[in-house]
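Quick look at the structure:
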């Protein structure tokens, strides 16, 4: 291999600059290849250490370096050359002994970053070591194997680009020490060697968002072979990702051609009726694909174009088949379309095709269990599709296992999952060895929406997808669907979602959100013209509007920012009116909310007063009015809420409000209430710090209950996830590597177990510190009604204990992942008792009676007698 001339010239330029300075300079190079360091040594022989700590190919020998690390401070304090250079690995070990290297050195300390790469570098350590680092950093082990412990002092994470290429992230200690960091390749906004072209035939195309681009850059820095390739960028922002490549091409008089991916280019050339037979077979021969309005190219014009559902379905299937065929040219797809546009059909038809033609799985992530169940039942009962199911926390363990086995055996291919369950489970545990044909994210705006409806699990999904598609090298397109997404401007949710999910070469269908059958009536009032309080005025106005809607026999939703306002408005109505009105908010229990929704849907009540909790998944087609007591969120929230009116095209809907110039205070207060407070984040990060110091372990479990003093019980889990997410994102942005990696999982750290009597004394002798007895189970006697038979005596095999699984795992079995530990625990593989009896899990069921127990017992006895 030959180092590119441009790199040699850049090194000469930098060393000349440092040698001309009046002060001494200590330089540490970070993330370069072995042949780079060979060239550095040729140009500047003044190395921080001698070659005793380097391998034959001139890359640093990390075990040897650590073995001799006690010499580093002495070498540092005796530097007397004008310019001295070293490896960043040496800087990291030196910083363990010297707190402030910059202040301790009489001169300039500089870190030179290989900015050809972003955070993860392909360095020349042994492949077996990189494989073990990858395995360790992506597992839940608390201790690294002895042969890689040295490396974990220097590297913070690893990702897989190919079987032979693994990128490692450094622990960037120079950031805290405020050591100067410079990029090796100059930052250039306008690089003359970049040429924008259309795609050429028979030319290799590489997307800058793919792992292949990293491999391309690695080859480029090692051999300087300037291949005839075309790089695909998604937008102007991606130019910054190719400037270092462009610099190398420019210095070598080579031509770098770039294709700017047109996300709106897929509107022609597809057969919109190709998959009509599937629609006819399962939905009926009278059915046809609907025409929907989309923007042709909103970057330049507001012109609209009619596109059939069949066209989008053909595009989705085409991308899935390309991915299944291992084509590098497949794209993800993002669709925004108004509520009621039939978005579910866009993935259901492809799922059928992929199941029947390719035996591939379609995964649909959706936040609403009710909507999930509704769609599954419709597909099964109305359309005769048997290979669909849902998996969520509401089904029993046995039923969940049955469904998963059917998925693995190929009997089920369309799977609806909640985001929480997906994140808490390895995908292989759900689908086995089957391949994914399509991954669907419903309500995709939740990935970036902040507020009461924000779901941290949706944001965590980006890491989950990245791990599946890059680290595990699974190839499948992602389909994002939403009715609520702002495009361009300060609240550009489309771009934020695409960026967060790392969508590749996406095709964007941006739907026309405005519905022609919805009119607007906005009545404005100045607070100066209002007598009394604005809140009282608003409640009275809303009461009048409800009376008006009822007198006109109109079905209406009244949206309020707070549940208190819902209650106040309802209480302001007379008893006769209340019988025609329902309420819906998070403070009402689930059964009452369901009853209210059913009453409103089927006509027993005409008015629904609700917070935005009455939102996604509401499928009621004959709503005529949406009235806002006050705005409940941002523009996207408003569009989503008024989109529930007039879903039947024959209905003329109305969006109306009585707006005062004080109404926006509710939105500001909502954002304040839903956001994380500074003291809450400080408490969370402080707790993490103390746990890490105490455990002295890289991996540990935390429970949301540890922060119950910070948040209400209702919002505890989501708030803790949000806080951990913000902390991890902020630290990664600051330090350039993942300081805190959060993997949200629903694992129960305290379990109820049954310890058989014959092994109880042995068990307690070893594990008493983790066990708390719940109750000594007395025998239960069932009196015999047969005079010739004895009574039945029922006993458990032993006493019930609450067992601290997390503590036992952390103190004794840190080399296993927590799920592995629990599996071995219940299999009996961790114990060696004199008897064959095994510890068994138990479920603690707490029953809360809605009415007095005696009354319930009477009702139950009466019903049984009947």
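Residue numbers (our numbering): 657 to 1522. Note that CB positions come from ideal geometry on N, CA and C, so glycine has one too. From a predicted model like this one, the values you see are computed outputs, not experimental measurements.
{"Item": "The stretch 972-984 / the stretch 1192-1204 touching (three or more Cβ pairs under 8 Å)", "Value": "no"}
{"Item": "Three-state secondary structure assigned by DSSP to residue 852", "Value": "strand"}
{"Item": "Test item: CB-CB of residue 1270 and residue 1213 under 8 Å", "Value": "yes"}
{"Item": "Reduced DSSP secondary structure (H/G/I, E/B, other) of residue 1341", "Value": "helix"}
{"Item": "Cα-Cα separation, residue 1240 to residue 1264", "Value": "7 Å"}
{"Item": "The stretch 934-948 / the stretch 879-887 touching (three or more Cβ pairs under 8 Å)", "Value": "no"}
{"Item": "6 Å CB neighbourhood of residue 659 in its chain, flanking five on each side removed", "Value": "691, 695"}
{"Item": "Closest Cα partner of residue 1010 within the set 717, 973, 1028", "Value": "973"}
{"Item": "Alpha-carbon spacing of residue 737 relative to residue 1392, whole angstroms", "Value": "31 Å"}
{"Item": "Residue from 850, 1021, 1306, 1007 whose Cα sits closest to the Cα of residue 913", "Value": "850"}
{"Item": "Same chain, Cβ closer than 8 Å to residue 1208, five either side skipped, listed in chain order", "Value": "none"}
{"Item": "Three-state class that DSSP yields for residue 703 in the structure shown", "Value": "strand"}
{"Item": "Residue burial classification, residue 1136 (beta-carbon count within 10 angstroms, cutoff 16)", "Value": "buried"}
{"Item": "Exposure of residue 668, with buried meaning 16 or more beta-carbon neighbours within 10 Å", "Value": "exposed"}
{"Item": "Boundaries of the beta strand (DSSP E) in which residue 1264 is found, first to last residue", "Value": "1263-1266"}
{"Item": "Continuous beta strand (DSSP E) stretch holding residue 1179: start and end", "Value": "1174-1181"}
{"Item": "Given 8 Å, three or more beta-carbon pairs between the stretch 1277-1285 and the stretch 1296-1313", "Value": "yes"}
{"Item": "Residue 966, DSSP secondary structure in three states", "Value": "helix"}
{"Item": "Residue(s) in a DSSP beta bridge with residue 640", "Value": "With the chain covering only 657 through 1522, there is no way to say anything about residue 640."}
{"Item": "Outcome for residue 1006 when other beta-carbon atoms lying within 10 angstroms are tallied against a minimum of 16", "Value": "buried"}
{"Item": "Secondary structure of residue 1071, DSSP reduced to three states", "Value": "strand"}
{"Item": "Cβ-based burial, residue 998 [other Cβ within 10 Å; buried from 16]", "Value": "exposed"}
{"Item": "Between the CA atoms of residue 1159 and residue 1144 - distance to the nearest angstrom", "Value": "17 Å"}
{"Item": "Short Cβ contact (8 Å threshold) for residue 1093 with residue 993", "Value": "no"}
{"Item": "Inter-residue spacing [alpha-carbon to alpha-carbon] between residue 955 and residue 1162", "Value": "15 Å"}
{"Item": "Continuous beta strand (DSSP E) assignments of at least 3 residues falling wholly in the stretch 1231-1264", "Value": "1237-1240"}
{"Item": "Residue from 661, 1119, 1248 whose Cα sits closest to the Cα of residue 1156", "Value": "1119"}
{"Item": "Residue 1231 versus residue 1262 - alpha carbon distance", "Value": "15 Å"}
{"Item": "For residue 1457: DSSP bridge partner residues", "Value": "1409, 1429"}
{"Item": "Three-pair Cβ contact test at 8 Å for the stretch 858-871 versus the stretch 714-721", "Value": "no"}
{"Item": "Inter-residue spacing [alpha-carbon to alpha-carbon] between residue 770 and residue 840", "Value": "6 Å"}
{"Item": "Span separating the alpha-carbon of residue 1442 from that of residue 1448", "Value": "11 Å"}
{"Item": "As assigned by DSSP and simplified to three states, the class of residue 886", "Value": "strand"}
{"Item": "Residue 1047 in three-state terms, based on DSSP", "Value": "strand"}
{"Item": "Presumed contact (8 Å Cβ cut-off) between residue 1477 and residue 1469, rounded CB distance", "Value": "5 Å"}
{"Item": "Closest Cα partner of residue 987 within the set 1008, 1041, 1063, 918", "Value": "918"}
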